[in-house]
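Step one of this worksheet: look at the structure below.
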DNA sequence: CGGCCGATCCACT
DNA sequence: GTGGATCGGCCGA
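Numbering (this note's numbering), first residue to last: 1 to 201.
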């Protein structure tokens with residue numbers, strides 16, 4: 001067990017962290033018994049009060065976004081389009097509302113349970129390639145917003161997987177056209193399914 | 001209090 | 001590649 005410690009999440013460079021999270025393991029044990037998880041293969045950085053794409057832009061504080069102002073290492077989960085839970089990791093110090101959206105994983109642990117949660121029978125490259133799907137197969141819902149990732153419900157581990165820099169694609173973020181010039185920032189990082197797959201984790 | 005819409009996904013063509 | 005599902009959060013009145 002090599003759970004990532006709280007200090008990791010306090011780093012003040014959210015874009016660096018978003019890229020560094022590629023290759024880390026994300027695990028959940030929602031019912032306290034059964035483990036599910038996989039390797040993070042896609043992330044997006046949301047850089048706080050100066051980032052027009054962030055829920056915390058212009059220091060906006062609401063009941064929903066309040067957990068983004070916690071110190072790094074908490075989960076921020078919110079509902080999108082009325083039906084999809086989206087899982088984010090809060091980073092940086094208290095009152096600096098940075099967060100990283102986990103957009104895709106490469107499933108490795110608890111495959112049967114994850115297939116069951118998704119209502120699928122086999123793993124394809126489409127299985128865990130969107131943020132709504134990731135939360136669904138891991139059993140994450142909005143009730144988990146605000147919990148600490150150093151506990152045993154949702155946590156990350158570093159097992160030493162490092163992708164080559166050339167294997168990590170950097171692009172603009174998805175679905176943030178409303179953020180105008182900030183929609184052009186290179187804050188999305190992803191490893192293609194076929195690349196993660198060839199390592200045969 | 002009413003109305004708009006989103007850090008999406010899937011079925012269907 | 002397109003449109004419908006579906007609802008909490010947010011804003012303006």
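All C-beta atoms, glycine included, are put in the ideal place defined by N, C-alpha and C.
Item	Value
Please go through the same chain and pick out, in chain order, the residues whose beta-carbon is closer than 6 Å to the beta-carbon of residue 129, but skip the five residues on each side of it.	104
I need the DSSP call for residue 104, collapsed to helix, strand or coil.	strand
For a test of the three-state rule: what should DSSP assign to residue 181, helix, strand or coil?	helix
Kindly indicate which three-state DSSP category residue 189 falls into: helix, strand or coil?	strand
Under the three-state reduction of DSSP, which class applies to residue 77: helix, strand or coil?	strand
Hey, quick one: how far does the beta strand (DSSP E) through residue 25 stretch, first residue to last?	25-28
Only counting the same chain, and skipping five residues up and downstream in sequence, which positions put a Cβ closer than 8 Å to that of residue 125?	193, 194 and 197
Would you kindly work out how many angstroms separate the C-alpha atoms of residue 3 and residue 31, rounded to a whole number?	19 Å
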